[in-house]
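S.K.: So the protein lines, in turn, are chains A and B. Heads up, the final residue of the first sequence is numbered 212 in numbering that gives the first Met the number 0, and it's a clean run with no missing numbers. Heads up, the final residue of the second sequence is numbered 212 in numbering that gives the first Met the number 0, and it's a clean run with no missing numbers.
2 protein chains.
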Amino acid sequence: MSRLRLRMMMSVDGYTSAPGQSAENPFGVGGMVLTEWVFALRAFREEHGMEGGEDNASTQIIEQHFENIGASVMGRNMFGGGPGPWGDDPWMGFWGDNPPYHHPVFVLTHHPRESVEMEGGTTFHFVTDGLESALAQAREAAGGQDVSLGGGGTTARAAIAAGLVDDMLITIVPVFLGGGTRLFEDLGGAPRRLEQVESIAAPDVTHLRFRFL
Amino acid sequence: MSRLRLRMMMSVDGYTSAPGQSAENPFGVGGMVLTEWVFALRAFREEHGMEGGEDNASTQIIEQHFENIGASVMGRNMFGGGPGPWGDDPWMGFWGDNPPYHHPVFVLTHHPRESVEMEGGTTFHFVTDGLESALAQAREAAGGQDVSLGGGGTTARAAIAAGLVDDMLITIVPVFLGGGTRLFEDLGGAPRRLEQVESIAAPDVTHLRFRFL
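(1) 9 Å is my cut-off, CB to CB: does Glu194 (chain A) come that close to chain B?
(2) Taking Ile93 (chain A) as the query, report the chain B residues whose CB atoms sit under 9 Å from its CB, ordered along the chain.
(3) Identify which residue in B:Arg2, B:Tyr14, B:Met0 has its Cα closest to the Cα of Arg156 (chain B).
(4) Might you give, ordered along the chain, the residues of its own chain that have their beta carbon closer than 6 Å to the beta carbon of Val28 (chain B), omitting 5 neighbours on each side?
(5) Which chain A residues are close to Ala161 (chain B), counting only those with a beta carbon under 7 Å from its beta carbon?
(6) Provide the residue span of the alpha helix (DSSP H) that contains Glu45 (chain B), from first to last.
(7) Could you pull out every residue in the same chain whose Cβ sits closer than 7 Å to the Cβ of Glu118 (chain A), ignoring the five residues on either side in sequence?
(8) Opposite His124 (chain B) in the DSSP bridges: which residues?
(9) What do you reckon, are the CB atoms on Thr170 (chain B) and Arg2 (chain B) nearer than 9 Å?
(10) Which partner residues of Phe211 (chain A) appear in the DSSP bridge assignment?
(11) Spatial neighbours of Arg138 (chain A) within its chain, please: C-beta separation below 7 Å, excluding the five flanking residues on both sides.
(12) Quick check: is the beta carbon of Arg41 (chain A) nearer than 9 Å to any beta carbon in chain B?
(13) My output table needs one value for Gly119 (chain B): the three-state DSSP class, helix, strand or coil.
(14) Any chance the segment 177–195 of chain A sits against the segment 50–64 of chain A, with 3 or more Cβ pairs inside 8 Å?
(15) To be precise: take each residue of the segment 73–88 of chain A, compare its Cβ to all Cβ atoms of chain B, and keep it if any distance is under 9 Å. Which residues remain?
(16) Would you tell me roughly how many angstroms separate the C-alpha atoms of Gly143 (chain B) and Asn67 (chain B), rounded to the nearest one?
(17) Is it buried or exposed, Phe175 (chain B), if we count other Cβ atoms within 10 angstroms and call 16 or more buried?
(18) Residues in its own chain within less than 6 Å of Val32 (chain A) by CB, not counting five upstream and five downstream?
(19) By the 10 Å Cβ neighbour count, where 16 or more other Cβ atoms means buried, how is Thr153 (chain A) classified, buried or exposed?
(20) Compare the C-beta of Ser21 (chain A) against all C-beta atoms of chain B and say whether one is closer than 9 Å.
(21) Under a three-way DSSP split, which group does Glu113 (chain B) fall into?
(22) Is the distance from the Cβ of Gly177 (chain A) to the Cβ of Met73 (chain A) below 9 Å?
(23) If you draw a straight line from the alpha carbon of Val11 (chain A) to that of Val172 (chain A), how long is it in whole angstroms?
(24) Please compile the residues from chain E whose C-beta is within a distance smaller than 7 Å of the C-beta of Asp185 (chain B).
(25) For Ser132 (chain A), report the span of its alpha helix (DSSP H) as first-last.
(26) Per DSSP, what kind of secondary structure is Glu66 (chain B) in: helix, strand or coil?
(27) Just to make sure I have the definition right: I need the residues of chain B whose C-beta is within less than 8 Å of the C-beta of Ile60 (chain A). Which are they?
(28) State yes or no: is the C-beta of Val115 (chain B) within less than 9 Å of the C-beta of Phe123 (chain B)?
(29) Trp94 (chain A) to Leu163 (chain A), Cα distance in whole Å?
(30) Have a look at A:Gly188, A:Pro99, A:Leu130, A:Gly79 and flag the residue whose alpha-carbon is nearest the alpha-carbon of Glu62 (chain A).
Shown next as structure tokens:
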């Protein structure tokens, strides 16, 4: 069965971005601290055309990220380019001509746009009728493989609140952001148990993977 | 230097108790799920006069809990007995005649009460002039050793928000409580880095220890 797999970075106080999120500060003001562990990794740097970096216990997280993934879903903020209509010379994403997805990516937006085929197998599709529609299209495109949901925080929070996530990897980063976008916001209902599938202690961060029971 | 060491159990969605906290449900309705990992441990059961239990990666958490601790501080809810004046036959705590502290314990309350000397070296002192006063008294009583802050959630949250905590051990329990008492509530200010000192993967839970930089 095709599962929806969520991967997010979160501060100890529960935020996926700091206050003041904008095109210049996609993780909010000072929120890039959430990503330092990943930029330090050789595996991540290679994937994004950068030199150097180290191997450590977080490397497996990068290597496993797209294992058995056939399609991705992301929010508009994660694709980037700011809010509003796309314009004549539209933003093509943060990842250059050959994005590291190599599969169809469904971008949630309020503004219609033609699909864009990039190098290396990544095609960006723009979905204007909501998260559940994007997920249905992604599952169809994934051809039996899993679907990855990478964020941003608002999209991830909506998917969790709607009970759509099957597998959740959270990287806990040792920082207090003090405010911003919470990943888990007043879910309500009776207590709901998860299964801790993996707990990986890495330099500076811990990766926790949960399955919904 | 005498440090303030906080130890808390927290749900994945960031709560230290579920909604509906009361004398009958000290962790809220359904919130006892936070404590199952500790009741399963032989080290904890022995300390509290119960038989059976297992040894696993969480055992060291119990064994280290009171290492170099000279005094404790706790909120009224954690001491228990319900809100309001203490009455003629006052509640003596959840821990029987020989509580597992074996050092002075300072209980925050709005209602004055004489100190109570228990068996085994535990003396409960009742402090009516606030958290900082209780901490100052505990540091004095600790004679150079550290002070432990065990909760409950409201007291822990206040201590974190006031910047009083030096060392913080959080046990992340795989459950969504959906609401209740948050440990980290709108701390505000600029992002503040912590140091991840330990990350211990145990059956069902993960223990994360942070130092404030």
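Beta carbons: idealized from backbone N, C-alpha and C, even for Gly.
M.R.: With the given structure in hand:
(1) Mapped onto the first sequence, residue 194 (chain A) falls at position 195. Output row for Glu194 (chain A): interface = yes.
(2) By 1-based counting over the first sequence, the position of residue 93 (chain A) is 94. Checking the sequence, you will find Phe at residue 93 (chain A) rather than Ile. The premise fails here: Phe93 (chain A) is roughly 21 Å from chain B at the closest Cβ pair, so nothing lies under 9 Å.
(3) In the second sequence, counting from the first residue as 1, residue 156 (chain B) sits at position 157. It is B:Tyr14 whose Cα lies nearest to the Cα of Arg156 (chain B).
(4) As a first step, residue 28 (chain B) is located in the second sequence; it is residue number 29 there, counting from the start. Once the five neighbours on either side are set aside, the close Cβ partners of Val28 (chain B) are Ala17, Gly19.
(5) Along the second sequence, one-based indexing puts residue 161 (chain B) at 162. Per Cβ cutoff of 7 Å: no residues; Ala161 (chain B) is ~13 Å from chain A at best.
(6) Position 46 of the second sequence holds residue 45 (chain B). It spans 41–46 - the alpha helix (DSSP H) in which Glu45 (chain B) sits, taken as one unbroken run.
(7) Locating residue 118 (chain A) in the first sequence gives position 119, counting from the first residue. Here the set comprises Asp96, Asn97.
(8) Residue numbering aside, residue 124 (chain B) sits at position 125 when the second sequence is read from its first letter. B:Phe105.
(9) Numbered from 1 along the second sequence, position 171 holds the residue referred to as residue 170 (chain B). Numbered from 1 along the second sequence, position 3 holds the residue referred to as residue 2 (chain B). Result no, Cβ atoms of Thr170 (chain B) and Arg2 (chain B) do not sit closer than 9 Å.
(10) The residue given as residue 211 (chain A) occupies position 212 in the first sequence. A:Leu193, per the DSSP bridge assignment.
(11) Numbered from its first residue, the first sequence carries residue 138 (chain A) at position 139. Ser1, Val146.
(12) Translated into positions along the first sequence, residue 41 (chain A) becomes position 42. No, Arg41 (chain A) does not count as interfacial toward chain B.
(13) As a position in the second sequence, residue 119 (chain B) is number 120, starting the count at 1. Gly119 (chain B): helix per DSSP, three-state reduction.
(14) no
(15) none
(16) Here residue 143 (chain B) refers to the residue found at position 144 of the second sequence. Here residue 67 (chain B) refers to the residue found at position 68 of the second sequence. Those two C-alpha atoms are separated by around 9 Å.
(17) Here the question's residue 175 (chain B) lines up with position 176 in the second sequence. Burial call: buried.
(18) Residue 32 (chain A) sits at position 33 when you count from the first residue of the first sequence. Cβ neighbours of Val32 (chain A) beyond the five flanking positions: Val174.
(19) Counted from its first residue, the first sequence places residue 153 (chain A) at position 154. Counting Cβ neighbours within 10 Å, Thr153 (chain A) comes out buried, since at least 16 surround it.
(20) On the first sequence, residue 21 (chain A) is found 22 positions in, with the first residue counted as 1. Judged by the 9 Å Cβ criterion, Ser21 (chain A) is not in contact with chain B.
(21) As a first step, residue 113 (chain B) is located in the second sequence; it is residue number 114 there, counting from the start. Three-state DSSP puts Glu113 (chain B) in coil, outside helix and strand.
(22) Sequence index remark: in the first sequence, residue 177 (chain A) carries index 178 (1-based). Sequence index remark: in the first sequence, residue 73 (chain A) carries index 74 (1-based). No, they are not a contact pair.
(23) As a working note, residue 11 (chain A) is residue 12 in the first sequence. As a working note, residue 172 (chain A) is residue 173 in the first sequence. Cα-Cα distance, rounded: 6 Å.
(24) Checking the listed chains, one finds no chain E in this structure; the protein chains it contains are A and B.
(25) Within the first sequence, numbered from 1, the residue matching residue 132 (chain A) stands at position 133. Note, Ser132 (chain A): alpha helix (DSSP H), 130–141.
(26) In the second sequence, the residue the question calls residue 66 (chain B) occupies position 67. Correct three-state label for Glu66 (chain B): coil.
(27) Here residue 60 (chain A) refers to the residue found at position 61 when the first sequence is read from its first residue. Ordered by position in chain B, no residue passes the 8 Å Cβ test against Ile60 (chain A), which lies about 14 Å from the chain.
(28) Here the question's residue 115 (chain B) lines up with position 116 in the second sequence. Here the question's residue 123 (chain B) lines up with position 124 in the second sequence. Yes, these two residues count as a Cβ contact at 9 Å.
(29) Taking the first residue of the first sequence as position 1, residue 94 (chain A) is located at position 95. Taking the first residue of the first sequence as position 1, residue 163 (chain A) is located at position 164. If I take the Cα positions, the gap works out to 27 Å.
(30) For the purposes of this step, residue 62 (chain A) is taken as the residue at position 63 of the first sequence. Ranking the options by Cα distance to Glu62 (chain A), first place goes to A:Pro99.
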